[in-house]
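**Q** Those protein sequences? They're chains U and Z, same order as listed. Numbered according to our numbering, the first sequence terminates at residue 181, and the numbering increases by one at each position without gaps. Numbered according to our numbering, the second sequence terminates at residue 664, and the numbering increases by one at each position without gaps. Quick reminder that beta carbons are idealized off the backbone N, C-alpha and C, glycines included. One structure is given below, represented as structure tokens, and several questions about it will come after.
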Amino acid sequence: MAKPKVATASLAGCFGCHMSILDIDDRILKLAELVEFHKSPINDIKKFSERCLVGIIEGGCCNEENVHVLQDFRKNCDLLISLGDCATMGGLPAMRNHVPLEECLAEAYLHGPTVHNPAKQIPNDPEIPLILDKVYPLHEVVKIDLHLPGCPPPADAIWEVLVALLNNKPIDLKYGLLRYD
Amino acid sequence: MTTTTTDLKRITIEPVTRVEGHGKVSLLLDRQNKVRQARFHIVEFRGFERFAQGRPYWEMPVLVQRLCGICPVSHHLAAAKAIDMLVGVDADKLTPTGEKMRRLMHYGQFYQSHALHFFHLASPDLLFGFDADPQVRNVLGVAAKFPDLAVQAVLMRRYGQEVILRTAGKKIHGTGAIPGGINKNLSIQERDELKKDAPKMLEWAVAGLELCKKFTREHLSDLADFGSFPSNHLSIVRKDGALDLYDGNLRAIDSEGKKIFDQVAPKDYLSVIREEVRPWSYMKFPFIKDLGPEKGWYRVGPLARLNTCDFIDTPVAEKERQEFKALTQGKPNNITMAYHWARLIELVHAIEKIQLLLDDPDLQGTNLVAKGTFRGEGVGIVEAPRGTLFHHYKADKNDQITMANLIVSTTNNNEPMNAAVRKVAEQFFDGREVTEGLLNRIEVAIRAYDPCLSCATHAMGQMPLIVEALDEAGTVVSRAVKG
Chain U
1 MAKPKVATAS LAGCFGCHMS ILDIDDRILK LAELVEFHKS PINDIKKFSE RCLVGIIEGG
61 CCNEENVHVL QDFRKNCDLL ISLGDCATMG GLPAMRNHVP LEECLAEAYL HGPTVHNPAK
121 QIPNDPEIPL ILDKVYPLHE VVKIDLHLPG CPPPADAIWE VLVALLNNKP IDLKYGLLRY
181 D
Chain Z
182 MTTTTTDLKR ITIEPVTRVE GHGKVSLLLD RQNKVRQARF HIVEFRGFER FAQGRPYWEM
242 PVLVQRLCGI CPVSHHLAAA KAIDMLVGVD ADKLTPTGEK MRRLMHYGQF YQSHALHFFH
302 LASPDLLFGF DADPQVRNVL GVAAKFPDLA VQAVLMRRYG QEVILRTAGK KIHGTGAIPG
362 GINKNLSIQE RDELKKDAPK MLEWAVAGLE LCKKFTREHL SDLADFGSFP SNHLSIVRKD
422 GALDLYDGNL RAIDSEGKKI FDQVAPKDYL SVIREEVRPW SYMKFPFIKD LGPEKGWYRV
482 GPLARLNTCD FIDTPVAEKE RQEFKALTQG KPNNITMAYH WARLIELVHA IEKIQLLLDD
542 PDLQGTNLVA KGTFRGEGVG IVEAPRGTLF HHYKADKNDQ ITMANLIVST TNNNEPMNAA
602 VRKVAEQFFD GREVTEGLLN RIEVAIRAYD PCLSCATHAM GQMPLIVEAL DEAGTVVSRA
662 VKG
């Protein structure tokens, strides 16, 4: 039987959740025996070519491209996991939600003490995706099946969840593994 | 220029993988199918500089690191150093325990980050070749073919993370550094646990370095010119010119090694650095103020640091530095692919420093925090694994942040990465067909800089890769997708 496939992506996050996946340490080699990694930043698979059992997504949605990637994951994965506080709640990037976007752009590209911008131009090239008005948690954009909180979620929590899913067992996380930091 | 020109062809590459972040590449070709322009775009934006305003200053070290989970310790410490200055604690006023605990945390971070980059992200290109099947050209491919190396890679990264856990309290987004010092010391038990594995970690770091050296020497004729170009180099160095990753003053040299400036204190960074805004990238383009945006751009990171420093203060890494310098007869090394070699010398340096610190009884000291008189402004600079990292804050009398300015490591390398992409595109694009090999070569050049685009946009993501060559009418003449 073919191994179940797992895909991962980082949207408006910091990659810390992916680092926490790597923090399962030598169990990553065991995981590689149990599942096949499909599209993920750690390999060179850039497009979905097969259906995946699990999609793990870190980070919320801050631009149109994040939304497209997320919709692509929903379409191609049986189960979607929101991994970490940015995916489940917007996290630190959502701190911009109480400030108008124009003010954030002006501070970064016009007012900063090291800024050299004689044309007073804010980046706007069609090559760069449109920024959304606010940063959205994933479940406000597509249906999410599982939420795993933490900044980042502990490596042991990620391991427990994956092992339970792969063995078709209920997920039973100990108190210390469920945290909001 | 990018959309209105009709006599140019456009090629886009997105997203790039096995680097840390979101970005894409576009190439513009003229009528003769020569590369006219190559651009590496950063496509995410966070707005941290604005939303930090109004937050209490002591939140900065824990808040800012959440821009980047790859090397959160670097942001944690740069912010802590800036806040030290803001509360009136100068670098030389930290208690020995405070400074040494932070240094141990920092070297642990270097060890895990450099190991991660070389073994997990870059080594597949070296072990399998730039044209290898993308299905095996990744860390799990390395695990299948070189199982011992893969286990070492995992354990090396874990060791660095364990050092961080015991100094910062958590492996990712820790809380150890606080204004004026640190919130814990290292217990005897923690010290002994870390000491146990250290010799093995040094041995493996040296073995990794040997592997990288062997590869570079064997392929030197191809690599020397691969995405390479002369440039200025910048880093902090210690007062005596030694490599110092945690603290020092700014030094910049030109491509021949002549000093542009030296021993500029962190608080004076505004007198030497500016950042140009360009409409096609959220990542700004830093330059040396007096030289201007055209001539003043520079490289940072492992290669730049080995070019700017006069010596390394640990024996094995210093011997390796001399060998590295001999390759270019003592002149600055401008070879892009030499970043990997330089990075592994720093990997060795980091574990040597960790060993020295673990033998230092100051780590068991109990005087953790120094106090000062509130100044309301501070600048903190560290050398992060990817290069020089600047944090600058102002706070008002209510302790609320009024100004935050960050120049992150990868941003400093913005122009160099663009130059490397341009060079590789010129060297390997035949003007007709976009091949997988070309795509990966462009990525290989970007990857040499170990860019952390998360930090750079104050954002993070992944970069798959699509390249399209369009003719003048906008019709796709060649298309390649990786994966």
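1. What residues match up with cysteine 52 of chain U in a beta bridge as DSSP calls it?
2. Between the alpha carbons of leucine 132 of chain U and cysteine 62 of chain U, how many angstroms are there, rounded?
3. By the 10 Å Cβ neighbour count, where 16 or more other Cβ atoms means buried, how is lysine 262 of chain Z classified, buried or exposed?
4. Rounded to the nearest angstrom, what separates serine 172 of chain U and proline 467 of chain Z at their Cα positions?
5. Since glycine 561 of chain Z contacts methionine 266 of chain Z with CB under 8 Å, what's their CB separation in whole angstroms?
6. Only counting the same chain, and skipping five residues up and downstream in sequence, which positions put a Cβ closer than 6 Å to that of aspartate 543 of chain Z?
7. Would you call the CB atoms of leucine 297 of chain Z and arginine 338 of chain Z closer than 7 Å?
8. Ends of the alpha helix (DSSP H) at alanine 576 of chain Z?
9. Could you name the residues of chain Z that alanine 32 of chain U contacts, counting a contact when the two beta carbons are closer than 7 Å?
10. Going by CA-CA distance only, name the one from Z:Lys420, Z:Gly228, Z:Thr397 that's closest to proline 100 of chain U.
11. Taking only three categories from DSSP, how would you classify phenylalanine 226 of chain Z?
12. Which chain U residues are close to serine 462 of chain Z, counting only those with a beta carbon under 8 Å from its beta carbon?
13. Strictly by DSSP, which residues pair up with histidine 116 of chain U?
14. Just verifying my parser: in three-state terms, what is the DSSP assignment at tyrosine 427 of chain Z?
15. With tyrosine 288 of chain Z as the anchor, note down where its beta strand (DSSP E) starts and where it stops.
16. Report all residues from its chain with a CB closer than 6 Å to the CB of glutamine 444 of chain Z; omit the five preceding and five following residues, and keep chain order.
17. How about alanine 191 of chain U and leucine 177 of chain U: are their beta carbons less than 7 Å apart?
18. Terminal residues of the continuous alpha helix (DSSP H) containing histidine 147 of chain U?
19. Would you say glycine 362 of chain Z and phenylalanine 555 of chain Z are within 7 Å of each other, going by their C-beta atoms?
20. Distance cutoff 7 Å, beta carbons only. Does leucine 426 of chain Z sit that close to anything in chain U?
21. Measuring straight from C-alpha to C-alpha, what distance separates glycine 511 of chain Z and aspartate 181 of chain U?
22. Between alanine 106 of chain U and isoleucine 122 of chain U, what straight-line distance do the alpha-carbon atoms span, to the nearest angstrom?
23. Does glutamine 316 of chain Z pass the burial test, meaning 16 or more other C-beta atoms within 10 Å, or should it be called exposed?
24. Strictly below 7 Å CB to CB, what residues from chain Z border aspartate 25 of chain U?
25. Say whether the segment 6–24 of chain U touches the segment 49–64 of chain U, bearing in mind that this needs 3 or more beta-carbon pairs closer than 8 Å, one atom from each stretch.
26. Can you list, in chain order, the residues of its chain whose CB lies under 8 Å from that of arginine 236 of chain Z, leaving out five sequence neighbours each side?
27. For cysteine 636 of chain Z, which residues of its own chain have a beta-carbon under 7 Å away from its beta-carbon, when the five flanking residues on both sides are left out?
28. In terms of alpha-carbon separation, which member of Z:Phe299, Z:Thr348, Z:Lys470, Z:Ile493 lies closest to alanine 628 of chain Z?
29. Taking only beta-carbon positions, decide if cysteine 393 of chain Z is within less than 7 Å of chain U.
30. Since isoleucine 28 of chain U meets chain Z, which of its residues come closer than 8 Å, beta carbon to beta carbon?
31. Taking a contact to mean a Cβ-Cβ separation below 7 Å, would you say serine 416 of chain Z touches threonine 489 of chain Z in this structure?
32. For the alpha helix (DSSP H) that contains threonine 397 of chain Z, what are its first and last residues?
33. For the segment 454–488 of chain Z, which residues have a beta carbon sitting closer than 8 Å to at least one beta carbon of chain U?
34. Using three-state DSSP, classify histidine 354 of chain Z as helix, strand or coil.
35. Please work out which residues of its chain come closer than 7 Å, Cβ to Cβ, to tryptophan 385 of chain Z, disregarding the five sequence neighbours upstream and downstream, and give them in chain order.
**A** Per the coordinate set shown:
1. U:Cys77.
2. Each residue's CA atom was taken as its position, placing leucine 132 of chain U and cysteine 62 of chain U some 5 Å apart.
3. Around the beta-carbon of lysine 262 of chain Z, 16 or more other beta-carbon atoms lie within 10 Å, marking it buried.
4. For the sequence presented, residue 172 of chain U should be read as aspartate rather than serine. If you take the alpha carbons of aspartate 172 of chain U and proline 467 of chain Z, they lie about 49 Å apart.
5. With a Cβ gap of about 7 Å, glycine 561 of chain Z and methionine 266 of chain Z count as contacting.
6. Cβ within range, chain order: Pro277, Thr278, Lys281.
7. Their beta carbons are under 7 Å apart, which means leucine 297 of chain Z touches arginine 338 of chain Z by this criterion.
8. For alanine 576 of chain Z, there is no enclosing alpha helix (DSSP H); the enclosing beta strand (DSSP E) covers residues 568–576.
9. Those are Leu321, Ala324, listed as they occur along chain Z.
10. For the set Z:Lys420, Z:Gly228, Z:Thr397, the Cα lying nearest the Cα of proline 100 of chain U is the one of Z:Gly228.
11. Here phenylalanine 226 of chain Z sits in coil by DSSP.
12. For serine 462 of chain Z, the chain U residues whose C-beta falls within less than 8 Å of its own C-beta are Pro123, Asp125, Ile128, listed in chain order.
13. DSSP output for histidine 116 of chain U lists Z:Glu457 as bridge partner(s).
14. Secondary structure at tyrosine 427 of chain Z: coil, using DSSP grouped into helix, strand and coil.
15. Run containing tyrosine 288 of chain Z: none in the beta strand (DSSP E); it sits in the alpha helix (DSSP H), 277–296.
16. Cβ-Cβ distances below 6 Å link glutamine 444 of chain Z to Asn430 in the same chain, with the five nearest sequence neighbours on each side left out; the list follows chain order.
17. Chain U is shown only over 1 to 181; residue 191 of chain U falls outside these bounds and no answer can be derived.
18. From DSSP, histidine 147 of chain U is part of no alpha helix (DSSP H) but of the beta strand (DSSP E) over 146–148.
19. No, these two residues do not count as a Cβ contact at 7 Å.
20. Cβ-Cβ to chain U under 7 Å: no for leucine 426 of chain Z.
21. Going by the C-alpha atoms only, they are around 49 Å apart.
22. Take the alpha-carbon of alanine 106 of chain U and the one of isoleucine 122 of chain U: they are about 7 Å apart.
23. By the neighbour-count definition (other C-beta atoms within 10 Å, threshold 16), glutamine 316 of chain Z is an exposed residue.
24. At a beta-carbon threshold of 7 Å, the residues of chain Z lying near aspartate 25 of chain U are Val335, Arg339, ordered along the chain.
25. Flag = yes, the segment 6–24 of chain U and the segment 49–64 of chain U touch.
26. Cβ neighbours of arginine 236 of chain Z beyond the five flanking positions: Leu244, Gln581, Ile582.
27. Any reading at cysteine 636 of chain Z needs caution, since the residue's pLDDT is 47, under 50, leaving its predicted position unreliable; the model's value is listed next. Around cysteine 636 of chain Z: Leu248, Cys249, Val589, Ser590, Thr591.
28. Sequence check: residue 628 of chain Z is arginine here, not alanine. Measuring from the Cα of arginine 628 of chain Z, the nearest candidate turns out to be Z:Phe299.
29. False, the Cβ-Cβ gap to chain U never drops below 7 Å.
30. Residues of chain Z passing the Cβ test: Val335.
31. Yes.
32. Segment 369–399, the alpha helix (DSSP H) holding threonine 397 of chain Z.
33. Listed in sequence order: Ile454, Arg455, Glu456, Glu457, Val458, Arg459, Pro460, Trp461, Ser462, Tyr463, Lys465, Pro467, Phe468, Pro474.
34. The three-state secondary structure of histidine 354 of chain Z, taken from DSSP, is coil.
35. Here the set comprises Gln333, Met337.
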